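Trainee: Can you read through this structure? Questions will come right after.
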Amino acid sequence: MIIMQLNGISKSFGAEKILSNIKLEIKEKDRIAIVGRNGAGKSTLLKIMAGELSYDEGDMHKPKDLTVGYLSQHTGLESEQTIWDEMLDVFQTLIDQEKDLRALEKEMERAASLSDANYEQLLHDYDKKQHAFEAGGGYRYEADIKAVLTGLNFQHFDYQTPINELSGGQKTRLSMGKLLLMKPELLILDEPTNHLDIETLSWLENYLVNYPGAVTIVSHDRYFLDKTVTTVYEISYHRTKKYHGTYSKFLEKKALNYEQEMKEFEKQQTEIKKMEAFIQKNIVRASTTKRAQSRRKQLEKMDKLDKPLGDESSASFSFQIDRRSGNDVLKIDDLAFRYDDESNELFTNVTFPINRGERIALVGPNGVGKTTLLKTILGQLKPSNGTLQLGTNVQVGYYDQEQTNLTASKTVLQELWDEHPLINEKDIRTVLGNFLFSGDDVLKLVHSLSGGEKARLSLAKLMMQKANLLVLDEPTNHLDIDSKEVLEAALMDFPGTIIFVSHDRYFINKITDQVVEMQRDGVTVYLGDYDYYMEKKREEAERKELRQTEENVKKADKQKKLSYKEEKVLKSEQRKKERQITGLEAKIEKLEETLAHLESKMTEPEIYQDHEKALELTKQTSEIKQEIEQYMEEWTALQEE
């Protein structure tokens, strides 16, 4: 069933056309990616779909009762409530239903005073409301909240923390968490992978794969798209084109389609030229003019193909080096770091070498100190322990994800030219042109640039340094997919050494030959790409699980053996008590026989008439009774045990 359909949607901002004749349809449970260059109109299209932006032409059809959830790029949850209370708001209907059920239960307690008919109605109402409560997830909504908060890396937070005390990234994650808990029939996500570490990304991928509704995503994370989507719409030249399959399949099909369309176009152009030549040559001859006229009519009626539109202009650059470094580029030994105002160290025991030509990816959870380690390598921060030793002829170039190396008040041209004043303006403009700054773009002020433009300018500055050790902190942030691919190609051909931090798993796979996983107390080195690293992590997890299972079995066996021994001891004690009870019963029986004999003897005339003998027998019976009573108390105690 189609839940949303867009036909001929167009949108312009003033004279600038953004979207033209957009066609798109979404079915139940669809997993759709919308891809395209920065500025292609992806976010604009999502806003139109979410009903947050009007469109100029076309039609959008959807059921009136369709529930749509939309997460924009810059959504941050602003609330005075605590984390837990804000998430609970999603389930207010269920909370109200639960209150109704409790009220009905109290009424049922007073049911004795009601008539049979009223009581039956009360039971019917309770059953109906309880069924609705259960069907709506009434018995699991708190568990759902905890699962989503844990998945989004809030498991170590106090859930009573006020939201206004959180960082921007944390507020964005909470906003997504609230949207996921709402479970709308159509979930629209604009760059949902921002502010997420790799572990959280993996959780979100699994969550979206199993999501009960339809999902439409804009993301520059190609690995994420490969894991989550089955349909790709590409926006190019203001229009959409649909491809079935994952993102990687889309790339293959797009290349094949372009090649096929170009062959068909060229074939038709060859045919047209032949027909035109024939017409021109034969139209004036009486003997062939009819054939030429026929060909001309045939040419006029021909459905002419447009030349396939290739990719829009791409950045074009490469990284070169001034001189080659020694084989030992950097030695990191037992490195630790602590901020001055903190007693605990951020990380300790970081030890690994970096050799010429290696491409090392630093991975680990947010907050473990990856960026801090890069800044320590650069000398911007001082370690609290350990040593860093740069090799001979090592020149370091740094890409800062915050772009603090850019001067907001300068123009694009000044930003590059001021650092290389001896190079001609024409050559500087050529470099900037390779990074898609053409014409008057180079006169833009840096502070007015978009995130993607600032990223490209920072990469241009890095390229001009010709360093042989590149230290990169999240180099793909703010770049569209095309720019990422150009950067990947440039880094793959780079003749120097690279150490970088990135959450872009596709990028890591392309670039790296080593993955260094950071923990608080050291690092683990994996000699392979990201997929190899993940395979080894799975193997480690499986081994850990196997060891845990073996330990549990051993504990169970030990417990079993212990239980067997305990049971033997208990049975031995029980048999001992049973023997004691049997012995006491025998003693009591013998004493009762003796007592009966004495009491019978006391009834004889010769005894009760003899005062001394009667007194002696009375004393004996009294002692026997006391002895019997003592044995009976012991017998009773043993029986109770």
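Throughout the sequence shown, residue numbering follows full-length UniProt numbering, covering 1 to 641 in sequence.
Just so you know, even glycine gets a beta-carbon here, dropped at the ideal spot from N, CA and C.
Values in this document were obtained by computation on a predicted structure and should not be read as measured data.
1) I'd like the span of the alpha helix (DSSP H) that includes Val229, first residue to last.
2) Alpha carbon to alpha carbon, what distance is there between Arg239 and Gly151?
3) For Tyr70, which of helix, strand or coil comes out of DSSP?
4) Can you tell me which of Lys304, Phe278, Asp303, Lys307 puts its alpha carbon nearest to the alpha carbon of Gln293?
5) Let's see if you can read the secondary structure: which residues bound the beta strand (DSSP E) around Ser10?
6) Can you give the Cα-Cα distance for Gly386 and Val368, rounded to whole angstroms?
7) Between which two residues does the beta strand (DSSP E) holding Glu185 run?
8) Does the beta-carbon of residue 643 have 16 or more other beta-carbons within 10 angstroms, so that it is buried, or is it exposed?
9) Taking all protein chains shown into account, decide if Glu86 is buried (16 or more other Cβ within 10 angstroms of its Cβ) or exposed.
10) I need the boundaries of the alpha helix (DSSP H) containing Lys410, first residue and last residue.
11) In the DSSP assignment, the alpha helix (DSSP H) including Thr289 goes from what residue to what residue?
12) Determine which residues share a DSSP beta bridge with Phe500 and list them.
13) For Ser43, is the classification buried or exposed, using 16 other Cβ atoms within 10 angstroms of its Cβ as the cut-off for buried?
14) Could you tell me which residues DSSP pairs with Gly522 in its beta bridges?
15) Can you tell me the Cα-Cα spacing of Phe265 and Tyr530, whole angstroms?
16) Does DSSP put Val368 in a helix, a strand or coil?
17) In the DSSP assignment, find the unbroken beta strand (DSSP E) run with Glu16 in it and report its ends.
18) Just to confirm before moving on: does the CB-CB distance between Leu46 and Val232 stay below 9 Å?
19) Quick one: Cα of Val329 to Cα of Ile377, how far?
20) Please list, in chain order, all residues of the same chain as Phe154 whose beta carbon is under 7 Å from its beta carbon, the five residues on each side excluded.
21) Would you mind stating whether Leu584 and Leu638 have Cβ atoms separated by less than 9 Å?
22) Considering just the uninterrupted stretch of the alpha helix (DSSP H) at Ile511, what are its terminal residues?
23) Report the rounded CA-to-CA distance for Pro353 versus Gly496, giving the unit in angstroms.
24) In whole angstroms, what is the alpha-carbon distance linking Pro54 and Ser72?
25) For Ser450, count neighbouring C-beta atoms within 10 Å of its own C-beta (all shown protein chains included) and say buried if the count is 16 or more, exposed if not.
26) At the level of alpha carbons, what is the spacing between Asp341 and Lys382?
27) Does the Cβ of Lys227 have 16 or more other Cβ atoms within 10 Å, making it buried, or fewer, making it exposed?
28) Unbroken alpha helix (DSSP H) runs of length 4 or more, entirely within the stretch 417 to 463: which are they?
29) Whole angstroms are fine: how far does the CA of Ala361 sit from the CA of Thr193?
30) Under 9 Å, do Ser325 and Arg356 count as touching if we go by C-beta distance?
31) The alpha helix (DSSP H) with Ile48 in it runs from where to where?
32) Looking at Leu104: is its Cβ nearer than 9 Å to the Cβ of Tyr126?
33) Could you tell me which residues DSSP pairs with Ile235 in its beta bridges?
34) Return the residue from the list Lys17, Lys590, Asn7 that minimises the CA-CA distance to Lys23.
35) Looking at the strands, I want to know which residues DSSP matches up with Tyr31.
36) Starting from Ala336, trace the beta strand (DSSP E) in both directions and tell me its first and last residue.
Mentor: Walking through what the data contain:
1) First-last for Val229: undefined, no H or E at that position.
2) 36 Å
3) strand
4) Phe278
5) 2 to 13
6) 18 Å
7) From DSSP, Glu185 is part of no beta strand (DSSP E); its letter is neither H nor E.
8) With the chain covering only 1 through 641, there is no way to say anything about residue 643.
9) buried
10) Neither: Lys410 is in no alpha helix (DSSP H) and is coded neither H nor E.
11) 289 to 301
12) Ala361, Leu472
13) buried
14) Gln519
15) 41 Å
16) coil
17) 16 to 27
18) no
19) 11 Å
20) Ile83
21) yes
22) 505 to 511
23) 15 Å
24) Before going further, note that residue 54 is Ser rather than Pro in the sequence given. Their Cα atoms are separated by approximately 16 Å.
25) exposed
26) 14 Å
27) buried
28) 425 to 434
29) 19 Å
30) yes
31) 42 to 49
32) yes
33) Thr240
34) Asn7
35) Residue 31 is actually Arg in this sequence, not Tyr. Per DSSP, Val215.
36) 328 to 337
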